[in-house]
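If you count the sequence shown from 1, position 108 lands on 108 in my numbering, and the numbers rise without skipping.
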Amino acid sequence: MNTGISLKNMTALVTGASSGIGSATAMALASAGANVLLHFNSNAKGAEDVLRQVQQEGGTATLVQADLTTREGTRSLAHYASTQNIDILINNAGSLLARTPILEMTEELWDRVMVLN
Numbered sequence: 001m002n003t004g005i006s007l008k009n010m011t012a013l014v015t016g017a018s019s020g021i022g023s024a025t026a027m028a029l030a031s032a033g034a035n036v037l038l039h040f041n042s043n044a045k046g047a048e049d050v051l052r053q054v055q056q057e058g059g060t061a062t063l064v065q066a067d068l069t070t071r072e073g074t075r076s077l078a079h080y081a082s083t084q085n086i087d088i089l090i091n092n093a094g095s096l097l098a099r100t101p102i103l104e105m106t107e108e109l110w111d112r113v114m115v116l117n
């Protein structure tokens, strides 16, 4: 996809880039010339597939793993991001984690959902 917009020499961090909207966004940014930091949590295969697609299209990307359902994972990604010159941030990661009626949610599940989203 070529939008005519050049993002050459820019770095983009896309959370949740291993599938769906995140992977499509990462591909679009890479096709516009951005170096893309591909965040993923557990879907390493999906992230590697996106990385391979970006590289096949002549783009550059780096895989970044972090579990954003935990404060430690969020801090880890924030620390990593602070060492990069990020121009574009796409906060795409999100989930309900489990389809649970609100009155049956544990405090731990509630906290994980709130931290992630």
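Here a beta-carbon is modelled for each residue, glycine too, at the ideal position from N, C-alpha and C.
Endpoints, the alpha helix (DSSP H) within which Gln84 is located: Careful: Gln84 lies outside any alpha helix (DSSP H) and carries neither H nor E.
Nearest residue (CA-CA) to Gly67, options Ile86, Leu97 and Asn41: Residue identity check: residue 67 is Asp in the sequence provided, not Gly. Distance check between Asp67 and each of Ile86, Leu97 and Asn41 places Asn41 closest, using alpha-carbon atoms only.
Thinking Ala26 and Leu7 are a contact (beta carbons under 8 Å), I'd like their distance in whole angstroms, please. Actually they do not touch by this definition, with Cβ atoms about 12 Å apart.
Using a Cβ-Cβ cut-off of 6 Å (strictly less than) and excluding sequence neighbours within five positions of Ala93, which residues of its own chain qualify? Thr15, Gly16 and Leu68
Distance, Leu97 Cα to Val113 Cα: 7 Å
Straight-line CA distance for Thr11 to Gly20? 20 Å
Taking Leu63 as the reference, give the member of Glu48, Ser76, Ser23 and Leu103 with the closest Cα. Glu48
For Thr100 and Trp110, what's the separation of their Cα atoms in angstroms? Pairing Thr100 with Trp110, the inter-Cα distance amounts to about 10 Å.
Using a Cβ-Cβ cut-off of 7 Å (strictly less than) and excluding sequence neighbours within five positions of Asn43, which residues of its own chain qualify? Ser18 and Ser19
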